[in-house]
Amino acid sequence: MAPTPPVDLSTLPVVVLDNGASTMKLGLATDSKPRVIPNCISKTKSERRRP
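Basically our numbering = 1-based index in the sequence shown + 935.
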């Protein structure tokens, strides 16, 4: 198997992610405004029980 050629990282887009307490903001570094997504945590019923 031939080795993989090196990747020029300067051509790849930069992703920015801010994981806040109630919302997550994400986008590309070149975007004027980030996308805002509400955080959501889900658990199965068995994980909700306390001993």
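In this text, a Cβ means the ideal position worked out from N, Cα and C, and glycines have one as well.
- Residue range 950-954 is occupied by the beta strand (DSSP E) that includes N954.
- Ranked by Cα distance from D953, the options V971, S967, T979 are led by V971.
- Per DSSP, the unbroken beta strand (DSSP E) holding M959 starts and ends at 958-963.
- A Cβ-Cβ contact shorter than 7 Å links P948 with L963.
- Residues V971, I972, P973, N974 of the same chain have their beta carbon placed closer than 7 Å to that of T958, with the five preceding and five following residues left out of the count.
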